[in-house]
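Residue numbers for the sequence shown follow our numbering, beginning at 692 and rising by one.
Just so you know, even glycine gets a beta-carbon here, dropped at the ideal spot from N, CA and C.
Here the structure is a predicted model, which means the values were calculated and not measured.
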Amino acid sequence: MSRREQREQIFKILFGVEFHSADELEEQIGLYMEDLGDIRKKDADYMTGKVRSIVEHMDEIDGMINQASKNWKTTRMAKAELSILRLAAYEIKYEDDIPVSVSINEAVELAKLYGSDHGPAFVNGILSGMV
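Pasting the structure below:
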C-alpha cells in the first residue's frame, strides 16, 4: 500500500472516530481494519499506530488548528475537513521525514475527494498558516 493510500485510510478512520466516543477507539480501529480485508501487517500496524498517536495528541493538534484558523474553531468545522487537518497537522508537527509541502499537498488532495466545495482552499489556508 502506498503512503498516499495509507494516508487516505488513516483519514477515513479518523473521520469515523468522530462519531464515536474515545472509549470506542480500539473497537473502531479493529472494525475498520477488518473491513479493509487482506492487507499487509506492516501497513495495518503503521496506520493503527498513526491513528492512535493522532488521537493521543488531539488536544495539541486542535490547538494548532485553532491558532492557524482565524475565525474558525475546530468545534465548528466540518468533520471531513477537520479529520484531514488533524492528519496533516500531526505530520507537520511530529513526522520530520515527511516534507511539509507533501503533507499540505496530500491534505488538499484528500479535501478535493472528501471535503466540501470550499474544502481544498480551506484546508490549504489553515495548513499554510501553520508553517
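Taken in chain order, the whole alpha helix (DSSP H) runs of length 4 or more contained in the region 764 to 792 are 770 to 785.
Membership of M749 in the alpha helix (DSSP H) is indicated by the continuous run M749 to A759. The residue among M755, Q700, K803 and K770 with its C-alpha nearest the C-alpha of K741 is Q700.
Around the beta-carbon of E717, fewer than 16 other beta-carbon atoms lie within 10 Å, marking it exposed.
Between I795 and L818, the C-beta spacing is below 8 Å. DSSP, reduced to helix, strand and coil, places F710 outside both helices and strands of the structure shown, so it counts as coil. For M692, there is no enclosing alpha helix (DSSP H), since its DSSP letter is neither H nor E. Ranking V822, I775, V746 and E786 by CA distance to the CA of A802 puts I775 first. Looking only at I730, E772 and V708, the smallest Cα-Cα distance to R743 is reached by V708.
Three or more beta-carbon pairs separated by less than 8 Å are not found between the region 764 to 779 and the region 713 to 730, which leaves the two stretches without contact. If the five residues before and after A759 are omitted, its C-beta is found closer than 6 Å to the C-beta atoms of I817, G820 and M821, all from its own chain and listed in chain order. For G806, the number of other beta carbons within 10 angstroms of its own is at least 16, and it is reported as buried.
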